[in-house]
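*Asks:* This note's numbering applies: residue 33 is where the sequence shown begins, and numbers increase by one.
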Amino acid sequence: MESLAAAGVRVRALDPASPSGEGILCFSDIDAELYRFLHEASHNHDERILAIPLSGLVIESSQAWGLLHAGASDVLTWTSAPDIADRVKARFEQWQAVNALLASPSIQTNLIGVSPAWRSTLRQIVEVAHFTDASVLLIGESGTGKELIARLIHEIDSRSPNHEFVILDCTTIVSELSGSEFFGHERGAFTGAVAARDGAFALADGGTLFLDEVGELPMALQAQLLRVVQEGTYKRVGSNTWHRTAFRLVCATNKDLRQAIEEGEFRNDLYFRIASWVFRVPPLRERREDIMPLARHFLRTFRPDIAPADFAPPVCEFLLNRSYPGNVRDLRQLIARISSRHVGGGSITVGDIPEDERPSEGIKSSWRNADFERCIRHAVSSGAGLKDISQAAADMAMRVVARDPAPQPQDVGHTEVVAQDGFQVAAPEPEVAAPAAPPAVRRARTTTTPTTTAKPPAKAKAEPKAKAEAKPKAAAKPKAEAKTTPAKKTTTTKKAKS
Ligand SMILES: Nc1ncnc2c1ncn2[C@@H]1O[C@H](COP(=O)(O)OP(=O)(O)OP(=O)(O)O)[C@@H](O)[C@H]1O
Ligand SMILES: [Mg+2]
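(1) Entirely within the stretch 114-195 and at least 3 residues each: give me those beta strand (DSSP E) ranges in chain order.
(2) Let's test the definition: count the other Cβ atoms within 10 Å of the Cβ of residue 131 and tell me whether it reaches 16, buried, or not, exposed.
(3) Report, in whole angstroms, the separation of the C-beta atoms of residue 319 and residue 145, which I expect to be a contact under 8 Å.
(4) Which residues does DSSP list as the beta-bridge partners of residue 266?
(5) CB of residue 284 to nearest heavy atom of ligand 2: below 7 Å?
(6) Pick helix, strand or coil for residue 42, following the three-state DSSP scheme.
(7) For the alpha helix (DSSP H) containing residue 99, name the first residue and the last one.
(8) Please confirm whether any heavy atom of ligand 1 lies closer than 7 Å to the CB of residue 138.
(9) Do you know whose CA, among 178, 361, 370, lies nearest residue 287's CA?
(10) Of all the options 250, 416, 336, which has the alpha carbon lying nearest to the alpha carbon of residue 378?
(11) DSSP three-state label for residue 75, please.
(12) Taking 8 Å as the threshold (C-beta atoms), are residue 382 and residue 346 in contact?
(13) Rounded to the nearest angstrom, what separates residue 431 and residue 79 at their Cα positions?
(14) Nearest to residue 163 by CA position, among 169, 170, 155, is which residue?
(15) So the candidates are 279, 235, 412, 212; which of them puts its Cα closest to the Cα of residue 224?
(16) For a quick check, are the C-beta atoms of residue 299 and residue 258 less than 8 Å apart?
(17) Return yes when at least one heavy atom of ligand 1 lies under 7 Å from the C-beta of residue 287, else no.
(18) Can you name, in chain order, every residue of its own chain whose Cβ lies under 6 Å from the Cβ of residue 67, other than the five neighbours on each side?
(19) Considering only residues of the same chain and omitting the five flanking positions on each side of residue 270, which have a CB-CB separation below 6 Å?
(20) What is the DSSP secondary structure of residue 475, reduced to helix, strand or coil?
(21) For residue 85, which beta-bridge partners are listed by DSSP?
(22) Do residue 161 and residue 189 count as a contact pair if the criterion is CB distance below 8 Å?
(23) Whether or not the stretch 358-367 and the stretch 324-336 are in contact is what I'm after, with contact meaning three or more pairs of Cβ atoms, one per stretch, closer than 8 Å; do they touch?
(24) Between the stretch 107-124 and the stretch 73-92, are three or more C-beta pairs nearer than 8 Å?
(25) From residue 248 to residue 422, what does the alpha carbon distance come to, in whole angstroms?
(26) For residue 374 and residue 388, which I take to be in contact (beta-carbon distance under 8 Å), what is that distance rounded to the nearest angstrom?
(27) Are the stretch 226-242 and the stretch 183-203 touching, with three or more C-beta to C-beta distances below 8 Å?
(28) What residue from 293, 41, 87 has the CA that sits closest to residue 60's CA?
(29) Check residue 216 in the structure and name its three-state DSSP category.
(30) Checking the sheet assignment: what are the DSSP bridge partners for residue 240?
(31) Using beta-carbon positions only, say whether residue 206 and residue 235 come within less than 8 Å of one another.
(32) Considering only their Cβ atoms, is the gap separating residue 129 from residue 309 smaller than 8 Å?
(33) Hey, residue 313 and residue 170: beta-carbon distance below 8 Å or not?
(34) Three-state secondary structure (DSSP) at residue 206?
(35) Which class does residue 23 belong to by DSSP, given the choice of helix, strand or coil?
(36) With respect to 7 Å, is the separation between the Cβ of residue 244 and the closest non-hydrogen atom of ligand 2 below this value?
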């Protein structure tokens with residue numbers, strides 16, 4: 033604990049009832065209770081926790097994997113207290129920089145989503161975008177937000193700003209003319225080349241080249257692209273001079289490229305060049321918690337004049353139960369239609385839903401729908417008991433209420449949470465107190481500001497809704513202030529879909 037303090041890492045007791053960022057978990061043996069605690073404290077991988085075995089405990093590799101699966105973000109091996117403290121600090125600094133980016137206005141106001149699936153994907157993408165210049169492949173169904181994410185990767189790239197974001201839509205590339213699209217050409221290189229022109233490789237130099245629908249790239253062009261990506265050099269059509277270029281490559285597809293490779297339609301060697309990092313953007317049906325925040329975001333966008341109008345409960349129910357084959361784009365278009373029908377002040381009401389959208393017999397089930405049944409089925413088949421399921425549902429409701437600022441229809445009730453002894457990321461206000469004597473299994477949450485805060489002992493009660501709302505998730509305020517880069521230039525050769 034002293035080494036952590038010396039490294040500038042502030043520690044406070046864990047309060048499992050409030051989601052509050054990163055933590056450390058120190059332990060002297062590994063048992064089922066530890067895994068269960070890790071699962072709870074990490075809120076099922078939603079919060080990052082470093083697992084640190086105390087001196088003398090040797091971890092087998094199966095245990096290290098077990099800790100990761102239970103919710104740890106990493107498992108350190110014990111060396112010495114000062115060394116561990118330095119390693120904890122380095123990781124926390126990086127995580128906090130990522131948190132600051134995630135909390136920045138450019139992400140909060142453009143990339144909407146509260147679901148664990150969305151938050152986890154976005155967090156990984158932000159980390160790669162900001163701390164590396166590696167290529168990124170985004171896979172996902174149509175309308176899930178791949179282009180939006182590609183733009184984000186460009187925006188938060190830590191290389192020098194003001195370079196271009198160049199979009200090439202591979203579905204519109206014609207093989208014979210593509211040389212020019214990619215490489216540019218000299219004047220007179222071919223019929224119609226009345227002037228010299230830069231291609232995508234030149235325009236993206238220092239910036240980002242976004243190849244949309246990369247699975248549609250013709251084979252001949254795949255070979256040419258591979259060369260440029262590997263060597264960073266190209267020649268304009270009609271020229272013998274080599275030019276250098278360096279860009280980050282971001283590709284998107286809704287095709288299964290592995291299968292395309294097996295079928296001989298996509299080059300294996302190109303795949304490994306474009307896919308240093310692969311992220312799957314989840315479809316909306318896998319993150320239904322995002323439906324209402326997205327719907328409200330689109331409502332504010334389309335009808336700023338009626339803000340802060342919300343959706344009446346039956347409309348919420350309709351939106352939550354509808355299927356969205358076109359994902360977020362589908363929802364966006366639906367909200368555009370609904371909001372354009374709304375006249376006067378007040379909430380959006382059922383009459384605003386276009387006729388062809390209305391459910392013929394009303395909505396039979398509310399939140400106890402097929403999704404709900406699937407979750408319960410999964411929990412039961414994973415061996416969870418009724419008590420665990422009720423507790424998990426109550427915890428989840430508390431977290432949702434704490435995160436989603438939207439009006440909640442009903443109080444979620446009073447819940448008791450059994451807390452483990454431990455420590456947690458310090459609250460914003462620096463109460464100075466000594467932590468409890470470390471038990472055999474010591475769990476800690478930390479942050480990198482020099483204060484220590486003690487938290488209540490082992491058993492804690494979750495606060496009722498009103499209090500939980502008044503205490504939202506502590507916004508990370510790392511030293512590296514949220515980097516809201518100035519708007520960068522964009523060059524596009526594709527037509528907008530939405
Ligand atoms: N998380 C989000 N927050 C706000 N708007 C979003 C989000 N995700 C997607 N959108 C909006 O949904 C629409 C579709 O997004 P986008 O074009 O990025 O999807 P895509 O995955 O590239 O689709 P396609 O595969 O059809 O090209 C856009 O209007 C975009 O702004
Ligand atoms: Mg797209």
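Idealized CB from N, CA, C, for every residue including glycine. All of these numbers come straight from a predicted model, not from anything done at the bench.
*Replies:* Taking the structure as given:
(1) 168-171
(2) buried
(3) 7 Å
(4) 275
(5) yes
(6) strand
(7) 93-102
(8) no
(9) 178
(10) 336
(11) coil
(12) yes
(13) 12 Å
(14) 155
(15) 212
(16) yes
(17) no
(18) 102
(19) 217, 218, 221
(20) Legend: pLDDT at residue 475 = 39, less than 50; position of this residue unreliable, no value from coordinates given.
(21) 59
(22) yes
(23) yes
(24) yes
(25) 47 Å
(26) About 17 Å separates the two Cβ atoms, so there is no contact after all.
(27) yes
(28) 87
(29) strand
(30) 197, 280
(31) no
(32) no
(33) yes
(34) coil
(35) Beyond the ends of the chain as shown, which are 33 and 530, falls residue 23; an answer cannot be given.
(36) yes
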